[in-house]
Every structure is written in structure tokens, then in C-alpha cells.
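Down below is the structure, laid out as C-alpha cells.
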Amino acid sequence: MSTHIAAKEGQIAQAVLLPGDPLRARFIAENYLENAECYTEVRGMLGFTGTYKGRRVSVQGTGMGLPSHSIYVNELFRFYDVQTAIRIGTCGGLQPDVKVRDVVIAMAASSDSGMAFRRFGPRHFAPHGDFGLISKAVEVAREKGIRHHVGQVVSSDMFYDDDCDWKLWAKYGVLGVEMEAAELYTLAAQFRRKALAILTVSDHMATGESCSAEERQNSFRNMMEIALEAAVSV
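Under our numbering, the residue at position 69 of the sequence shown is numbered 513, and the numbers go up by one with no gaps.
Right, here's the structure in full:
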């Protein structure tokens, strides 16, 4: 049994959605999953398992930032035999054509995190998403007519960063900045699992535009539905 999730054996499905916000986990369970049951409330980080289109799916809150995300993904992979993990969260747009409310399907994730240096030292590991999940996510987004982009994001350790070098990342084509995907992809590589990050652009670094609370709720449904379809496809 894990320390932070503390679910019983068999309570967690092999495919798990990973919102940072535990209340988003509850929203998905209540609005998309059938017969959803809560398997953990430890530290308020809610987790649920139910069915979607007849397939078992779990949704687990992970908190904010790479270290918090790492704890939950480690435990899901190490102790619960989770095979597919899909992050659903937000990012700040960096490119002119990446608009607020668009969906970003993260093909790869750069990072400024100290966690990468601790693992690899001066070496540069290139964490990336699972090709099958990426392909399915793109297919679903196209079928649903959801405006989306596929490319690289950057996972940052800091949210409030007065010296943020987002313009440098943007120069090299990075689509958006967020705080978890690089760790998810690195752990998936370590444990030989499938992973993907699907993100909603909630604000834009260049223009300063951001979503209202109502717009966030409506646009977040797009990434949830893409993630659920991808989760049950594997």
C-alpha cells in the first residue's frame, strides 16, 4: 500500500486521469464516470474509480508542481500497476497562434526543474508522450472539432517567476508552459508505461489574456473528453 494514496488493492484502474486539482477529479467522477467510488481522501487529494463506456477508469488529484505530481505518479506506477496515465491541466500559451481556451497535446516536455538535474546531472534527457495516446487524442480532437495544437511544452518549477525566460522557450517553438508533464513523461519512461499530457490554455504569457471562471469550466470539458476517449482506447 502506498503512503499518500492508501487505496486498497484493485481499487484503482489501469488507466488513470491526473488533474492537479482534486475538485476537478470529483467533477470528472460525478459528470463522466458511471458508478464512481472514492478510493482516497488522504490529504484532501481525492481519487475515484468508475466506468466510462464500459471501461474502468480512475481519476486522481496530484496537486501542483513536479514534486507533488511525482509522488502520486510514482505510487500509481509502483504500487497499483497503472499502465496509462493522462495528465489534464492548464498551461500558459507562448505562441501567437496558441489561443486562450485552445487545447495543447504535449508531444514532449522540456524543463527547468532541479529534479531533472538530480536524476541525470549534466546529461539532457528528452521526455516525451506515448505516440499511440497522442494519435488517439488528435483523432478525437479532430472528430469533435476542438481547436488544438500538438508540440512541445515546458514544465517549470516556479509559478511566480519574476525572471521567467518564456521568450527564449517561445523562440524555440515551445507551445506553452506548465508544471508537471516532464516528470510524468520521465516516470513513464522509467517504469515503461504510457503517458500523455492534455492541457487547456488558460492564459497567455504574451497578451495577458486569461479565461473567466465560466470559460474555464466549459473549455476544460474539451480536454476531459479527449483524455477519457484516449484512456479507454488502450
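Beta carbons: idealized from backbone N, C-alpha and C, even for Gly.
For clarity, every value in this text was computed on a predicted model and none was experimentally measured.
Put Ile-642 into one of helix, strand or coil per three-state DSSP.
Three-state result, Ile-642: strand.
Do Ala-552 and His-572 have their C-beta atoms closer together than 7 Å?
Taking 7 Å as the Cβ cut-off, Ala-552 and His-572 qualify as a contacting pair.
C-beta contact flag for Val-503 and Phe-492 at 7 Å
Contact flag set, yes.
Starting from Phe-561 and walking both ways along the alpha helix (DSSP H), at which residues does that stretch end?
558-564
Would you call the CB atoms of Ala-672 and Tyr-524 closer than 7 Å?
Rather than Ala, the amino acid found at residue 672 in this sequence is Leu. Cβ distance not < 7 Å, so Leu-672 and Tyr-524 don't count as in contact.
Flag this pair as yes or no: are the beta carbons of Ile-515 and Ile-642 separated by less than 7 Å?
Result no, Cβ atoms of Ile-515 and Ile-642 do not sit closer than 7 Å.
Under the three-state DSSP convention, the category Leu-628 falls into:
Collapsing the DSSP output to three states places Leu-628 in a helix.
What does the Cβ neighbour count give for Glu-627, buried or exposed, with the cut at 16 atoms within 10 Å?
buried
Collapsed DSSP secondary structure at Gly-494 in the structure displayed:
strand
Quick check on the burial criterion: 16 or more other C-beta atoms within 10 angstroms. Buried or exposed for Gly-747?
The question about residue 747 has no answer here: the residues shown for the chain are numbered 445 through 678.
Answer yes or no: does any C-beta atom of chain C fall closer than 7 Å to that of Phe-603?
The structure shown contains no chain C; it is built from a single protein chain.
Run of the beta strand (DSSP E) containing Ala-451, from where it starts to where it stops:
Run containing Ala-451: none; DSSP gives neither H nor E here.
Could you check if Met-668 is buried or exposed, using at least 16 other CB atoms within 10 Å of its CB as the buried criterion?
Buried, since its Cβ has 16 or more Cβ neighbours within 10 Å.
Go through the stretch 570-602 residue by residue and report every complete run of the beta strand (DSSP E) that reaches 3 residues or more, in order.
592-599
What are the boundary residues of the beta strand (DSSP E) that Pro-466 is part of?
Run containing Pro-466: none in the beta strand (DSSP E); it sits in the alpha helix (DSSP H), 466-475.
Taking Val-597 and Ala-625 to be in contact with their CB atoms under 8 Å, please state how far apart those CB atoms are, rounded to whole angstroms.
6 Å
Tell me which residue opens and which closes the alpha helix (DSSP H) that Arg-636 is part of.
Counting along the chain, Arg-636 falls outside any alpha helix (DSSP H), and DSSP gives it neither H nor E.
Which two residues bound the contiguous alpha helix (DSSP H) that contains Ala-614?
For Ala-614, the enclosing alpha helix (DSSP H) covers residues 610-615.
Taking Cβ to Cβ, would you say Leu-462 is nearer than 7 Å to Thr-506?
Yes. Within cutoff.
With H, G and I counted as helix, E and B as strand and the rest as coil, what does DSSP make of Met-551?
strand
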